[in-house]
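K.L.:
Residue numbers (our numbering): 63 to 537.
#1: Give every residue of the same chain whose Cβ lies closer than 7 angstroms to the Cβ of residue 121, excluding the five residues on either side of it in the sequence, and list them in chain order.
#2: Which one of 240, 329, 248 has the shortest CA to CA distance from residue 293?
#3: Distance, Cα to Cα, residue 89 vs residue 392?
#4: Is residue 389 helix, strand or coil by DSSP?
#5: Compute the Euclidean distance between the alpha carbons of residue 62 and residue 217, then round it to the nearest angstrom.
#6: Is it buried or exposed, residue 194, if we count other Cβ atoms within 10 angstroms and call 16 or more buried?
#7: Which residue's Cα is closest to the Cα of residue 334: 163, 181, 186, 351?
#8: Measuring alpha carbon to alpha carbon, tell me which residue in 99, 80, 87 is nearest residue 68.
#9: Let me confirm a value: residue 427 is counted as buried when at least 16 other C-beta atoms fall within 10 Å, else exposed. Which label applies?
#10: Identify the continuous alpha helix (DSSP H) that holds residue 232 and give its terminal residues.
#11: Assuming contact is defined by CB atoms lying nearer than 7 angstroms, are residue 365 and residue 321 in contact in what I supplied?
#12: When you compare only the Cα positions, how much space is there between residue 415 and residue 407?
#13: Quick one: residues in its chain with C-beta nearer than 6 angstroms to the C-beta of residue 208, no 5 flanking neighbours on either side, listed in chain order?
#14: Taking C-beta to C-beta, are residue 220 and residue 303 nearer than 7 angstroms?
#15: Leaving out five residues on either side along the sequence, give the residues of the same chain with a beta carbon under 7 angstroms from the beta carbon of residue 311.
#16: Have a look at 389, 248, 273 and flag the residue whose alpha-carbon is nearest the alpha-carbon of residue 288.
#17: Give every residue of the same chain whose Cβ lies closer than 8 angstroms to the Cβ of residue 487, excluding the five residues on either side of it in the sequence, and list them in chain order.
#18: Relative to the C-alpha of residue 66, which residue among 258, 214, 102, 78 is closest?
#19: With three or more C-beta pairs closer than 8 angstroms as the rule, is the stretch 516-532 touching the stretch 257-270?
#20: Kindly list the residues whose CB is nearer than 8 angstroms to the CB of residue 309, restricted to its own chain and excluding five residues on each side of it in sequence; keep chain order.
#21: Please return the same chain residues whose Cβ sits closer than 7 angstroms to the Cβ of residue 315, not counting the five positions on each side in sequence.
#22: Residues in its own chain within less than 8 angstroms of residue 200 by CB, not counting five upstream and five downstream?
#23: Per DSSP, what kind of secondary structure is residue 415 in: helix, strand or coil?
#24: Taking only the alpha-carbon atoms, compute the straight-line gap between residue 97 and residue 524 and give it to the nearest angstrom.
#25: Residue 180: which of 325, 501, 358, 451 sits nearest, CA to CA?
#26: Between the alpha carbons of residue 278 and residue 528, how many angstroms are there, rounded?
#27: Suppose the cutoff is 7 angstroms on Cβ atoms and the five residues either side in sequence are ignored; what does the same chain contact list for residue 533 look like?
#28: Under a Cβ-count criterion, where at least 16 other Cβ atoms within 10 Å of its own Cβ denotes burial, should residue 356 be classed as buried or exposed?
#29: On the DSSP bridge list, what partners appear for residue 410?
#30: For residue 63, I'd like the list of residues in its chain whose CB is within less than 6 angstroms of its CB, leaving aside the five on either flank, ordered along the chain.
#31: What separation, rounded to the nearest whole angstrom, lies between the Cα atoms of residue 450 and residue 405?
#32: Going by DSSP in three states, residue 363 sits in which element: helix, strand or coil?
#33: If contacts are defined as beta-carbon pairs under 8 angstroms, then residue 299 and residue 245 qualify, I think. What distance do you get, rounded to the angstrom?
#34: On the premise that residue 454 lies in contact with residue 436, defined as a C-beta separation below 8 angstroms, what is that separation, rounded to the nearest angstrom?
#35: If contacts are defined as beta-carbon pairs under 8 angstroms, then residue 174 and residue 388 qualify, I think. What distance do you get, rounded to the angstrom?
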């Protein structure tokens with residue numbers, strides 16, 4: 063049965079990779095993969111052929127749970143205990159997945175509300191260049207900085223929306239979007255709120271804010287700059303952008319809104335407020351995003367975008383219209399992928415979850431910790447980096463590797479930037495893929511090698527700095 067779960071994941075992943083040749087939306091295999099993996103897990107658990115690891119890290123199956131509980135609650139009661147344990151594990155992973163999806167929905171809705179009020183036209187007016195190369199560096203720097211402030215996922219959503227205003231040709235635009243994924247992931251790696259994995263390490267007291275920023279800012283910059291420097295000499299970024307010529311009436315119509323600047327600064331400001339909310343309240347980021355969405359929605363209900371604003375025109379700028387414009391297919395794709403990965407994290411192999419078993423096998427085969435972490439970086443491009451980081455946190459303890467040890471910083475770098483090597487290897491990539499319908503094979507052929515060069519260069523710089531200055535606490 064374990065083989066069936068793994069086979070389901072592998073087949074589903076292959077179908078996602080070849081979505082264009084198969085002419086099948088990637089959301090379909092993702093949802094089927096997530097649901098079938100858990101169905102197989104449930105069947106195997108019910109007949110006693112599979113063990114699972116629950117939220118407390120306890121390994122059990124239907125029969126050993128019954129033998130341990132039968133004396134107290136009876137045979138039927140023990141069955142219920144075992145089933146509750148399975149359902150609890152499922153709900154735990156669903157909750158973690160829902161946190162990401164709700165955060166994503168909130169961020170996308172705020173971005174769409176700002177776009178309805180033509181807020182990004184203000185940013186468009188600030189980018190006074192037709193040079194493809196100059197625009198590449200402008201959006202790259204914005205992606206690197208914004209991702210550290212508002213996280214790589216939200217920064218990608220904002221910049222893809224902006225690029226739609228600046229580069230009308232989609233075939234040309236996806237090159238910029240693909241490079242933004244690299245910049246956003248590099249920028250998120252050195253900030254405790256820039257990526258979900260760095261946030262996990264930060265909350266788990268593996269890294270401090272100052273330590274993470276101090277030790278990873280240079281490797282992250284290298285990871286960002288090298289691919290962009292190479293891309294600057296590539297054909298897609300030579301010459302000038304062909305912008306559509308607007309008539310005087312169209313120009314006047316696009317500049318008529320009174321709410322553009324207000325909604326732009328309010329929207330971005332409320333997104334920036336999310337990590338502040340988390341720091342002050344210690345509540346999950348999605349609650350801060352819901353608060354921010356509520357504020358932006360409230361203002362959008364009463365603000366007047368036009369001089370002669372009527373109730374009939376109100377629907378054109380409402381949050382209801384913004385909600386209808388968000389990419390729900392990418393949300394569902396993310397749901398399917400994360401549930402499938404959660405199934406692999408839950409099913410037990412050799413006494414631990416399957417993903418942790420893979421990590422521990424790497425540790426036993428490759429005794430060098432640095433190489434193991436580099437391999438985790440490559441794996442994060444294939445499998446979600448969240449469970450990989452969770453597994454690594456279980457592999458190494460705080461006794462031998464205390465807070466701000468070199469190991470934790472290298473894990474933060476590798477897991478954060480390694481996902482750029484495949485378009486589905488990071489939250490930023492998945493969001494960009496959903497918004498611009500980027501083909502997996504196209505990204506693999508055109509962009510993956512650039513992401514690899516940046517990842518390898520940044521890792522080399524990190525190891526050189528560590529060897530020169532003996533950063534952190536070594537094993």
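Beta carbons: idealized from backbone N, C-alpha and C, even for Gly.
P.N.:
Considering the structure as presented:
#1: 113, 115, 410, 413
#2: 240
#3: The straight-line gap separating the alpha-carbon atoms of residue 89 and residue 392 is approximately 7 angstroms.
#4: coil
#5: The chain is shown only over 63 to 537; residue 62 falls outside these bounds and no answer can be derived.
#6: In this structure residue 194 is buried. Its beta-carbon is surrounded by 16 or more other beta-carbon atoms within 10 angstroms.
#7: 351
#8: Checked all of 99, 80, 87; the closest Cα to residue 68 is 99.
#9: exposed
#10: 232-251
#11: yes
#12: 5 angstroms
#13: Around residue 208: 217.
#14: No.
#15: Bear in mind that the predicted position of residue 311 carries a pLDDT of just 47, short of 50, making it unreliable; the figure below should be weighed with that in mind. No residues qualify anywhere along the chain.
#16: For residue 288, the closest C-alpha among the options 389, 248, 273 is that of 248.
#17: 442, 443, 444, 447, 480, 481
#18: 102
#19: no
#20: A caution first: residue 309 carries a pLDDT of 48, below 50, which makes its placement in the model too unreliable to give a value.
#21: With a pLDDT of 48 at residue 315, under the threshold of 50, the modelled position of that residue is not reliable, and no figure is offered here.
#22: 189, 191
#23: strand
#24: 40 angstroms
#25: Selected option, being the one with the closest Cα: 325.
#26: 11 angstroms
#27: Since pLDDT at residue 533 reaches only 47, below the 50 mark, its modelled position is unreliable, and the value read off the structure follows with that caveat. 277, 468, 527, listed in sequence order.
#28: Flag for residue 356 reads exposed.
#29: As a beta-bridge residue in DSSP terms, residue 410 pairs with 415.
#30: Excluding residues up to 5 positions away in sequence, 106, 111, 112 lie with their Cβ nearer than 6 angstroms to the Cβ of residue 63 in the same chain.
#31: 13 angstroms
#32: helix
#33: Actually they do not touch by this definition, with Cβ atoms about 14 angstroms apart.
#34: Contact flag wrong, Cβ pair sits at about 12 angstroms.
#35: 6 angstroms
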